[in-house]
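K.L.:
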Amino acid sequence: MDKALYIGMSGAKQNMLAQRAHANNLANVSTTGFKKDFAQARSMPVFGEHHPTRAYAMTERPGTDLSAGALMETGRKLDVAVEGDGWLAVQNQRGEEVFTRSGSLQIDVNGLVRNANGDMVMGNGGPVALPPFDNVQIGTDGTISIVPVGGPPDQLVEVDRLKLVNPPPAALEKGEDGYLRRKPDQALDGPEPPDGNMRVASGFLESSNVNAVEEMIANLQLSRQYEMQVKVMSTANENSEASARLLQNL
Amino acid sequence: MHPALWVSKTGLSAMDTKMSTISNNLANVNTTGFKRDRAVFQDLLYQVNRQPGGMSTENSELPSGLQLGTGVRVVGTTKQFSQGNLEVTEQPLDMAVNGRGFLQVLLPDGQVAYTRDGQFQLNSDGDIVNPDGYTLEPNINVPENATNITIGKDGTVTAVVDDQAAPVNLGEITLVDFINPQGLQAIGNNLYKETNASGDPAEGEPGIGGLGTIEQGAIEASNVEVVEELVSMITTQRAYEMNSKVVSATDQMLQFITNNIG
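Order-wise, the sequence lines are chains A and B. Going left to right, the first sequence walks through residues 1 to 250 as the working numbering numbers them. Going left to right, the second sequence walks through residues 1001 to 1262 as the working numbering numbers them.
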């Protein structure tokens, strides 16, 4: 049996995985603050004792596109979008500090500020908690000020400041929960230090940075590649049928 | 089966949900006191197909692994409690809340529901009731021969009874506020119920303690912005189309392999 059959099969299978990565990007075209994943193929040579002709394909995710999405105006005061570089820090359900650009903030019954996922949003001194307020304002540097219940509207009280961080992009990777975090080999000893130069826009959300057309073209290209791999498989099949016929005629 | 099929399926169902949110908003564009919903999306879990840093040979490791997402879901819909426009109706029992806070009505089962819809009328007993006939809480009874009902900004209801010069105080309308109004459960009929997420209602006099004032003779219009909804509708429709394109492309791939091999 010709090994080309297996090579073709591995190519087709890895094409399917790459397509899934692109399909996931496309499915998240409306997800606030979503960062698209790259997918690339690598050749994995498997040289045995014979001619070095076999190289299997392998799909991998070399990284995540960290470019910013467009800002969408919502007018809601607790919606924040990070302008330029930087990330909002939130605490995930396992208690780790992770980073996101999705800033649709909510206030729970205890006054804790949570993101849409229900995870606590970090301030410079731990999770942000707000006392009961009449009005809330998030400044461009992430400072949260409120008018306390019954307080005069001209006396805003500064409560906390959203923790905005700016780790180097090369040190970040996306985890299984969809949040960004430092790669294990880039981890810091303590928590990520806040960066005072970061800016947020209140009343805006950042849209997904997925380019829908790009993802569709990638999917089309992978479809065609897949068909070619199938063609290799069917050719290998025809070859083996032909040799079987030859053997019958002997 | 091809995994992209399932991933695109999550995309399709999330866009479907978003579309129903948008159509519900648009359908309620003229509903008094209606607050628009927004669908909140989130990416689903990622699966590690190949661990980054895994060994490719005894002496080399893979620089990057393969982690594949499993799609998208709608984590929830959030109500936007921004103020709607106040429309002047000149009806004496129409009232709008200008600012934070909810009016209370008593449901037939004895529970209290909260509303921003201030279109009230009188029933045959003289009680102030909402369009469904539920009485305002605290109940205010207007005597039969009362004229010139006045509702003050602080919720005081007065009326002239029997043509006497001094108006009679009929009661006080109170408002309630919640620490997290988005946690309220919408039960339809413009009414909300408290939940664990919304917190307990904090009752108070209108205009004090951060509660809004009551404006007599006005109602609060829906806060749906038609243009915004239409733009969302267009983007949702396109995203839906593109996800369905992936489904059909994937299907063609499976068709191709079954036609060519086998």
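Beta carbons: idealized from backbone N, C-alpha and C, even for Gly. Fair warning: this is a prediction, and the values are worked out from it, not measured in the lab.
Since residue 1182 of chain B and residue 1078 of chain B are thought to touch, with beta carbons under 8 Å apart, how far apart are those beta carbons, to the nearest angstrom?
P.N.:
About 5 Å; that satisfies the 8 Å criterion.
K.L.:
When burial is assigned at 16 or more other CB atoms within 10 Å of the CB, is residue 1250 of chain B buried or exposed?
P.N.:
With 16 or more other Cβ atoms within 10 Å, it is buried.
K.L.:
Pick helix, strand or coil for residue 138 of chain A, following the three-state DSSP scheme.
P.N.:
Reduced to three states, the DSSP call for residue 138 of chain A is strand.
K.L.:
Using the beta-carbon of each residue, which ones in chain B are nearer than 8 Å to residue 76 of chain A?
P.N.:
Here the neighbours are 1080, 1082.
K.L.:
Taking the alpha carbon of residue 1164 of chain B as the reference point, which residue from B/1195, B/1154, B/1146, B/1082 has its own alpha carbon closest?
P.N.:
It is B/1146.
K.L.:
If you run the structure through DSSP and keep just helix, strand and coil, what is residue 1251 of chain B?
P.N.:
Here residue 1251 of chain B sits in helix by DSSP.
K.L.:
At which residues does the alpha helix (DSSP H) containing residue 1003 of chain B begin and terminate?
P.N.:
Here the alpha helix (DSSP H) through residue 1003 of chain B covers 1003–1027.
K.L.:
Can you list, in chain order, the residues of the region 1095–1107 of chain B whose Cβ is nearer than 9 Å to any Cβ on chain A?
P.N.:
Against chain A - using a Cβ distance shorter than 9 Å - the residues of the region 1095–1107 of chain B are 1099, 1100.
K.L.:
Taking Cβ-Cβ distances shorter than 8 Å, what residues in chain A pair up with residue 1242 of chain B?
P.N.:
The contacting residues are 26, 29, 212, 215, 216.
K.L.:
When the distance is taken between beta carbons, is residue 1260 of chain B closer than 8 Å to residue 230 of chain A?
P.N.:
Result yes, Cβ atoms of residue 230 of chain A and residue 1260 of chain B sit closer than 8 Å.
K.L.:
For the region 208–221 of chain A against the region 66–77 of chain A, are there 3 or more C-beta pairs whose distance is under 8 Å?
P.N.:
The region 208–221 of chain A vs the region 66–77 of chain A: in contact.
K.L.:
Would you list the one or two residues that DSSP bridges to residue 1185 of chain B?
P.N.:
Answer is B/1193, bridged to residue 1185 of chain B.
K.L.:
Anything in chain A within Cβ reach of residue 1131 of chain B, meaning under 9 Å, just list it in chain order.
P.N.:
Simply none; closest approach about 29 Å.
K.L.:
Once the 5 residues before and after residue 1162 of chain B are set aside, which same chain residues still bring their CB inside 6 Å of it?
P.N.:
1145, listed in sequence order.
K.L.:
Can you confirm whether residue 1004 of chain B, when its beta carbon is compared against all beta carbons of chain A, has any partner nearer than 8 Å?
P.N.:
Yes, because at least one Cβ of chain A sits closer than 8 Å to the Cβ of residue 1004 of chain B.
K.L.:
So, helix, strand or coil for residue 251 of chain A, using DSSP?
P.N.:
Chain A is shown only over 1 to 250; residue 251 of chain A falls outside these bounds and no answer can be derived.
K.L.:
Taking residue 68 of chain A as part of the alpha helix (DSSP H), name the residues at either end of that continuous run.
P.N.:
Note, residue 68 of chain A: premise wrong, no alpha helix (DSSP H); not H, not E.
K.L.:
State the CB to CB distance for the pair residue 181 of chain A and residue 172 of chain A, rounded to an integer number of angstroms; the pair is presumed to be in contact (CB under 8 Å).
P.N.:
Right, the Cβ-Cβ distance comes to about 7 Å (below 8 Å), so this counts as a contact.
K.L.:
Tell me the rounded alpha-carbon separation between residue 1214 of chain B and residue 193 of chain A.
P.N.:
Going by the C-alpha atoms only, they are around 47 Å apart.
K.L.:
Around the Cβ of residue 1219 of chain B, are there at least 16 other Cβ atoms within 10 angstroms (buried) or fewer (exposed)?
P.N.:
Result: buried.
K.L.:
What does the alpha-carbon distance come out to for the pair residue 1157 of chain B and residue 1216 of chain B?
P.N.:
When rounded, the distance between both Cα atoms is 10 Å.
K.L.:
On the three-state DSSP scale, how would you describe residue 37 of chain A?
P.N.:
Residue 37 of chain A falls in the strand class under three-state DSSP.
K.L.:
Helix, strand or coil: how does DSSP classify residue 1140 of chain B here?
P.N.:
Of the three classes helix, strand and coil, the one that applies to residue 1140 of chain B here is coil, per DSSP.
K.L.:
Kindly indicate which three-state DSSP category residue 208 of chain A falls into: helix, strand or coil?
P.N.:
It is coil, neither helix nor strand.
K.L.:
Quick one: what does DSSP say residue 1041 of chain B is sitting in, helix, strand or coil?
P.N.:
Of the three classes helix, strand and coil, the one that applies to residue 1041 of chain B here is strand, per DSSP.
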